[in-house]
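Note that the protein sequences, when read in sequence, are chains G and L. All letters in the first sequence, in the order written, are residues 1 to 117 by our numbering. All letters in the second sequence, in the order written, are residues 1001 to 1238 by our numbering. Note sheet for the following structure.
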Amino acid sequence: MTIKLILSVIAIIISLMMLYINHVNYKKKLLNKFNYLIWTFIWSLVIGASLRPKIIDIYFINNYQIDIFYILSVISIITLIILYYLNLIKINILEKKINNLIRAESLKNVLDKTDEK
Amino acid sequence: MLNNSQCMQIKSTKNYNRILIAIPAYNEQKNISSVLKDISKYFKNILVIDNNSQDHTIEEVKKFPVFLISHKYNLGKSESMKTALEFAKIKKFKYLAFIDADGQHKANDLIKVCNNLYKNNYDLVIGYRKNLQKLNLKKRIGTIILQNIFYLLYQKKILDIQSGLRAFNLSIEKKIYWYSTGINHYFADAEITCNATINKCNICQIPIETLISENYKGMNIIQGLYLIIMIIYWRIFN
């Protein structure tokens, strides 16, 4: 019981922190309104589930005879791997674009100069 | 210093104007002048690729009649080498040689590398450090381990897979093209060696003197292990 409570408190603190970071990023215009609302909804859902975990537990056990903790673990791991993979791809694409852009620009500058000569 | 026969050898060689000497540099204001002073006596096509140095490297380079490409951000050694390759292709050079900007290589070793490249029609010429015993024990052991792992995987004895002093014929460019970038940008030399070996390029190794400065850091153990993983990866997937 105590462990469940501690886990809930940790989840709520992290979610509140993420809500704040989400808000800051929205203000900085790093997220559009749609992204902002989706992430606000997701973190609010986590807070709700942490405050009343039994509601979800009862629903899933009654309807599907499965433990919510098991489902959440599987979903979390899959989500993490997918997010990590997508981020990696996006970073690699961006890195490639920046590298090509910088190299092309530097080359253009030196070729312009040598052509002038 | 070069002896008379070597100087004669240079003068008799017409192909020197078909070779581009590329020097990737980052914060090398102390060494770049002496490197350029040495090399520009013998080669006229020299390209310095500055990786957004924060010191006076660019000002030092501008004192010499060389090509200078300046990256707006530090892209790492690997991308600088790609810039040099692009430049060499645009300017239709036949050969491309790389030398480190920290002054650890000598001009006459570069000449030896270049002479071997086109006189004997090699695809790739790599200079290997013959004074390995001057390195500290940790680095010596690391180099020997790398040599042996390379031999085990690629069935070819390459004495210094990571040597910064190397030259190649641009006709093998597609065979040796390297993708090391980001955190492993220093592995470009090793990747070129691995690709050339896999694609059965005609590789020559010649002994060179290496001046090991106090500032020479080399790789740490984690980078060494990472390089070993990459060597295995390149063997399987390249």
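By construction, the Cβ of each residue, glycine as well, lies at the ideal position given by its N, Cα and C atoms.
Which class does residue i belong to by DSSP, given the choice of helix, strand or coil?
| i | result |
| --- | --- |
| L:Q1147 | helix |
| L:N1108 | helix |
| L:P1065 | coil |
| L:G1224 | helix |
| L:L1124 | strand |
| L:S1040 | coil |
| L:R1235 | helix |
| G:R52 | coil |
| L:S1070 | strand |
| G:L86 | helix |
| L:M1230 | helix |
| L:T1057 | helix |
| G:D57 | helix |
| L:E1028 | coil |
| G:I102 | helix |
| L:S1180 | coil |
Please work out which residues of its chain come closer than 6 Å, Cβ to Cβ, to residue i, disregarding the five sequence neighbours upstream and downstream, and give them in chain order.
| i | result |
| --- | --- |
| L:Y1016 | none |
| L:G1142 | G1224 |
| L:M1001 | In this prediction, L:M1001 scores a pLDDT of 47, lower than 50, which makes its location untrustworthy; no coordinate-derived value is stated. |
| G:N100 | none |
| G:N109 | none |
| G:S50 | S8, A11, I12 |
Span of the alpha helix (DSSP H) holding residue i?
| i | result |
| --- | --- |
| L:I1172 | From DSSP, L:I1172 is part of no alpha helix (DSSP H); its letter is neither H nor E. |
| L:C1194 | 1188 to 1198 |
| L:N1131 | It is not in any alpha helix (DSSP H) - L:N1131 carries neither H nor E in the DSSP assignment. |
| G:N25 | 2 to 27 |
| L:I1090 | 1077 to 1090 |
In chain order, what residues of the same chain have a beta carbon less than 7 Å from the beta carbon of residue i, not counting five sequence neighbours either side?
| i | result |
| --- | --- |
| L:A1188 | K1077, S1078, M1081, W1178, S1180 |
| L:L1211 | G1103, Q1104 |
| L:S1034 | G1103 |
| G:N35 | none |
| G:Y26 | Y36 |
| L:K1044 | N1017 |
Tell me, which residues are paired with residue i by DSSP?
| i | result |
| --- | --- |
| L:A1240 | Missing from the structure shown is residue 1240 of chain L; chain L here goes from 1001 to 1238 and no further. |
Among the residues of its own chain, which have a CB less than 8 Å from the CB of residue i, if the five just before and after it don't count?
| i | result |
| --- | --- |
| L:I1198 | Y1154, W1234, R1235, N1238 |
| L:V1061 | A1025, I1032, L1036, V1048, D1050, L1068 |
| L:I1192 | L1124, R1166, F1168, I1176, W1178 |
Quick one: measure Cβ to Cβ for residue i and residue j, integer angstroms, because I've assumed they're closer than 8 Å.
| i | j | result |
| --- | --- | --- |
| L:A1250 | L:T1057 | Look at the range of chain L in this structure, 1001 to 1238, and you will see that residue 1250 of chain L is not part of it. |
| L:N1120 | L:C1204 | 7 Å |
| G:T40 | G:N22 | 6 Å |
| L:L1165 | L:D1100 | 7 Å |
| L:I1206 | L:N1116 | 6 Å |
| L:S1070 | G:S15 | Rounded, the Cβ-Cβ distance is 47 Å, inconsistent with contact. |
Tell me which residue opens and which closes the beta strand (DSSP E) that residue i is part of.
| i | result |
| --- | --- |
| L:L1047 | 1046 to 1050 |
| L:I1206 | 1203 to 1208 |
Kindly say whether residue i, judged by its beta-carbon, lies nearer than 7 Å to any beta-carbon of chain B.
| i | result |
| --- | --- |
| L:T1057 | Of the protein chains in the structure, G and L, none is chain B. |
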